[in-house]
Every structure is written in structure tokens, then in C-alpha cells.
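Visitor:
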Amino acid sequence: MNYKQSKILLLVSVLTIVGYNYCQSVTAIPQQDLQTTPSLLPTQPNPSDLATPLTYKIETYNSQVMGASRTYGVSLPPGYEQNIKQSYPVIFLLHGGHGNPSDWFIQNKGQALKTVEQLYTTGKLPPSIIITPDGNDKRGSSPYRDPAYIDGPNGKVSTAVGDELVKVVQSRYRTLTNPDFWAIGGLSSGGWGAVNVGLHNLEHFSILFSHSGYFQDKSGPINSPISYIKTIPLQAQKRLRIYLDSGTSDIDEIHEAEGFTKVLNKLKIYNLFSQFPGSHTWRYWRKHLADSLTFVGEQFRVAKIAHRADDLSVNQNKNTHSGS
Numbered sequence: 000m001n002y003k004q005s006k007i008l009l010l011v012s013v014l015t016i017v018g019y020n021y022c023q024s025v026t027a028i029p030q031q032d033l034q035t036t037p038s039l040l041p042t043q044p045n046p047s048d049l050a051t052p053l054t055y056k057i058e059t060y061n062s063q064v065m066g067a068s069r070t071y072g073v074s075l076p077p078g079y080e081q082n083i084k085q086s087y088p089v090i091f092l093l094h095g096g097h098g099n100p101s102d103w104f105i106q107n108k109g110q111a112l113k114t115v116e117q118l119y120t121t122g123k124l125p126p127s128i129i130i131t132p133d134g135n136d137k138r139g140s141s142p143y144r145d146p147a148y149i150d151g152p153n154g155k156v157s158t159a160v161g162d163e164l165v166k167v168v169q170s171r172y173r174t175l176t177n178p179d180f181w182a183i184g185g186l187s188s189g190g191w192g193a194v195n196v197g198l199h200n201l202e203h204f205s206i207l208f209s210h211s212g213y214f215q216d217k218s219g220p221i222n223s224p225i226s227y228i229k230t231i232p233l234q235a236q237k238r239l240r241i242y243l244d245s246g247t248s249d250i251d252e253i254h255e256a257e258g259f260t261k262v263l264n265k266l267k268i269y270n271l272f273s274q275f276p277g278s279h280t281w282r283y284w285r286k287h288l289a290d291s292l293t294f295v296g297e298q299f300r301v302a303k304i305a306h307r308a309d310d311l312s313v314n315q316n317k318n319t320h321s322g323s
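At position 183 of the sequence shown (counting the first as 1) the number is 182 in numbering that gives the first Met the number 0, and the numbers step up by one without a gap.
So, in C-alpha cells, the structure goes:
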């Protein structure tokens, strides 16, 4: 089954469930509740909001896991300060080798905010909180080694990024808490890191994406997604949505992604793998961040439909009980 067919089947299944729940429960919700309850996903920003360019900050927090001060980058969506009752989905972007939290934002590298603004304008991505963690361990950044997105001898980076920082973000910003509205992705070693960290923190993330990543790590099968994903519970596997891409000049990365995709398909985990012209460069990653974030936006909207059905059902039960 190809991606388009599987995507259609997924949407049909969700809409069927939603339609049933909607018919059963929508009349039980008071009209005033529908008018005062904030949307599960924020609405697309209006032109006046988009007229102000997005910005980012580098913030600091004390990491108990790493035993030191850590940094992360954050960009808040348009209208965040004005819509004080609205909560937002969250996207983590991980840097690659000898990188840092500003890489995805700066002009000569990721330029991510330009991409995000375009996706907001075209309605392909709901307004989201963008977070760029520090993926380096206690040794710091180095041109001679990739970041180790694992819990290893030089620090519990996987836990620091995938659990501790998640809780910091939840405490500092208005976030949706359900993992179906949290995505984590990255490039190169950050692409592997995003999938590895995500799989080890499924209570926080359901959407994983990787640009030019690999899926077998020298530290062993526990940090090799191609092996580790087979060990996670079936119910968690069903919630996963995974996007992969690699440039056609990245032969090793393509082989890695092809092998991982075969495992995902065998496990019936929803995924998309694409090959595009290009190589292991920022030019490639800048261009195709739009593809991964479009995928993320699609998954956020599907989750909104599913969870709206859940909310309707909960409200129906509340009204039924209050009237009995």
C-alpha cells in the first residue's frame, strides 16, 4: 500500500469514527459551551498577525538530569500573546553534528522561521510552538563527533530532551498536552536522534520525522530505532506517525531509511519515505523542512478530528449524568 492509499484509508477511518460519535453526541452540548471553549487547534493566523515576522529566543533552564544549565531555542506562533486562552501544538527540531540550538533558525543554516511563516500563510501548518533543544552531551559540541542522543556515559541526553525539556516547555508555555500534538524531528544525526528520543518518550511524542538520518547506532539496539521499535507496545505503535526523507546523493542514508521503512510497514506503522534530489547539506534540509512540517500539520489536523470526537463524547456523558 502506498502513502496516498494509506493516507486516504486513515482519514476515512477517522472520519467514520468521528461521524458516528458526532451524531450520537452533538445535540447534548449547550450552545454557549461551543462558543466559549477555545479551539483544540489554533485557527490559522490572519494577515495582520503574519505581517510581523516570527522571532526566536535562546532560553536557559537548570537541568537536573544533566547536572548543569542547558539552553534551548523557542519561537512562539503569531497571536500567542493575544490569545491567552489558546493552547498550542509543539514541534521539536534537533540539530546535527557540531551543532547548537540556533542552527535551525539562523540565516546561513536552517532559516526555519521563513519556512514556518510560509506554511502558516498557506494553511499547511497550524500555529505551533517551535523548540530547538541542545542535543550535545557533557562533552559539548565538536566537529569530530556527532551528538549522542542517548542516555549514555556522558549524560542522559535522551531523557533531558525527551522528558525533562518537555516538562520545562509545558510549564513555561501554553501547550496542548496530548502526545498527538507533539512532534519531534531533526537532520542527519539529529534525524536519528529525533526518532530515538521520540521512541523512548512515547508518553510525550506521537509524530516523528527525520531528514537524512540513520536508524542503527553503534551504542546498540536500544538506541537503534530499526531494532528498538519492535519492542514498544502495540498500542503505542498504532499511535505513531513517521516521516523520513533523504537526498538521492546520500546513498547510505537512503539504504538506512529503506530498511527502516520495511520494518515500519511490517509493523503497520503509518509512515512516509521520500527521496529528493540533493545531498547532505543545509540547502537540502532548508528546502525539505516544508515537506516534513506539512506532514506534521496533516497529523495535527487528523488528531484534532479524532480528539474532537472524544470531547463530544465526554460532554455527552456529562450532560446525560446531570440529567439523570
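Backbone N, C-alpha and C define an ideal beta-carbon position, used for all residues, glycine too.
Under a Cβ-count criterion, where at least 16 other Cβ atoms within 10 Å of its own Cβ denotes burial, should Asn61 be classed as buried or exposed?
Guide: It is exposed - the Cβ of Asn61 has fewer than 16 other Cβ atoms within 10 Å.
Visitor: Which residues in the same chain as Arg238 place their Cβ atom closer than 6 Å to its Cβ, once the five residues preceding and following it in sequence are excluded?
Guide: These residues qualify, in order along the chain: Ser205.
Visitor: If you drop the 5 nearest sequence neighbours on each side, which residues of the same chain put their C-beta closer than 6 Å to that of Ser226?
Guide: The answer, listed in chain order, is Pro220.
Visitor: Expressed to the nearest angstrom, what Euclidean distance is found between the alpha-carbon atoms of His254 and Ser248?
Guide: In a straight line, the C-alpha of His254 is about 11 Å away from that of Ser248.
Visitor: Mind listing, in chain order, the continuous beta strand (DSSP E) runs of no fewer than 3 residues lying wholly within the region 103 to 170?
Guide: Correct list: 128 to 132.
Visitor: Could you work out which residue in Ser74, Leu93 and Gly98 is closest to Tyr87 when comparing CA atoms only?
Guide: Answer by Cα proximity: Ser74.
Visitor: Any idea if Arg171 is buried or exposed, counting beta-carbon neighbours within 10 angstroms, 16 or more meaning buried?
Guide: Answer is exposed; the Cβ neighbour count stays below 16.
Visitor: For the region 230 to 272, list the alpha helix (DSSP H) runs that are entirely contained and at least 4 residues long, ordered along the chain.
Guide: Whole alpha helix (DSSP H) segments, 4+ residues: 233 to 238 and 250 to 265.
Visitor: Threshold first: 3 residues or longer. Then list the beta strand (DSSP E) segments lying entirely within the region 46 to 106, N to C.
Guide: Runs of the beta strand (DSSP E) inside the region 46 to 106: 56 to 62, 67 to 74 and 89 to 93.
Visitor: In whole angstroms, give me the CA-to-CA distance for Asp150 and Asn45.
Guide: So the two alpha carbons sit approximately 42 Å from each other.
Visitor: Thinking C-alpha only, which one of Gly72, Pro178, Ala302 and Val64 is nearest Ala235?
Guide: Of the listed residues, the one whose Cα sits closest to Ala235 is Pro178.
Visitor: Taking the alpha carbon of Gln124 as the point to measure from, which residue in Gln43, Asn107 and Val194 has its own alpha carbon closest?
Guide: According to the sequence as given, residue 124 is Leu; it is not Gln. When each option's Cα is compared against that of Leu124, the closest is Gln43.
Visitor: Compute the beta-carbon to beta-carbon distance between Gly212 and Glu257, rounded to the nearest angstrom, for a pair I have assumed lies under 8 Å.
Guide: Actually they are not in contact, since the Cβ atoms of Gly212 and Glu257 sit about 12 Å apart, beyond 8 Å.
Visitor: Per DSSP, His210 is paired with what?
Guide: DSSP output for His210 lists Leu186 and Asp244 as bridge partner(s).
Visitor: Decide if Gly161 is buried, meaning its Cβ has at least 16 other Cβ atoms within 10 Å, or exposed.
Guide: Burial call: buried.
Visitor: So, are the CB atoms of Tyr71 and Ile57 less than 9 Å apart?
Guide: Taking 9 Å as the Cβ cut-off, Tyr71 and Ile57 qualify as a contacting pair.
Visitor: Evaluate the contact criterion for the region 195 to 203 versus the region 96 to 110: three or more CB pairs, one atom per stretch, below 8 Å.
Guide: Result no; under three Cβ-Cβ pairs closer than 8 Å.
Visitor: Look at the alpha carbon of Thr174 and the alpha carbon of Ile183, and state the distance between them as a whole number of angstroms.
Guide: Those two C-alpha atoms are separated by around 15 Å.
Visitor: Would a C-beta distance cut-off of 9 Å place Leu93 and Gly185 closer than the cut-off?
Guide: Cβ atoms of Leu93 and Gly185: closer than 9 Å.
Visitor: Leaving out five residues on either side along the sequence, give the residues of the same chain with a beta carbon under 6 Å from the beta carbon of Thr158.
Guide: Once the five neighbours on either side are set aside, the close Cβ partners of Thr158 are Val64 and Asp150.
Visitor: Return the first residue and the last residue of the alpha helix (DSSP H) that Gln172 is part of.
Guide: The sequence shown places Tyr at residue 172, not Gln. Taken as a continuous stretch (DSSP letters only), Tyr172 belongs to no alpha helix (DSSP H), as it is neither H nor E.
Visitor: Is the beta carbon of Ile128 closer than 9 Å to that of Pro76?
Guide: A contact, by the Cβ cut-off of 9 Å.
Visitor: Return helix, strand or coil for Phe204, following the three-state DSSP convention.
Guide: Note: Phe204 maps to coil in three-state DSSP.
Visitor: Please go through the same chain and pick out, in chain order, the residues whose beta-carbon is closer than 7 Å to the beta-carbon of Leu118, but skip the five residues on each side of it.
Guide: So the qualifying residues of the chain are Leu124, Ala289, Leu292, Thr293 and Gly296.
Visitor: Between Gly277 and Gln215, what straight-line distance do the alpha-carbon atoms span, to the nearest angstrom?
Guide: Going by the C-alpha atoms only, they are around 22 Å apart.
Visitor: Alpha carbon to alpha carbon, what distance is there between Ala67 and Arg240?
Guide: The alpha-carbon atoms of Arg240 and Ala67 are separated by roughly 33 Å.
Visitor: Give a yes or no on whether the C-beta atoms belonging to Thr114 and Arg285 are separated by under 9 Å.
Guide: Their beta carbons are under 9 Å apart, which means Thr114 touches Arg285 by this criterion.
Visitor: Based on the DSSP output, what are the partners of Phe275 in its beta bridges?
Guide: DSSP, once it has assigned bridges, lists Gly246 as partnering Phe275.
Visitor: By the 10 Å Cβ neighbour count, where 16 or more other Cβ atoms means buried, how is Glu163 classified, buried or exposed?
Guide: Buried is the call here.
Visitor: Name, in chain order, the residues that DSSP records as bridge partners for Trp181.
Guide: Val89.
Visitor: DSSP state of Ala305, grouped into three classes?
Guide: Ala305 falls in the helix class under three-state DSSP.
Visitor: Given the structure, does Thr158 come close to the ligand SAH, in the sense that its CB is under 8 Å from one of the ligand's heavy atoms?
Guide: The ligand SAH is not among the ligands present in this structure, which contains no ligands whatsoever.
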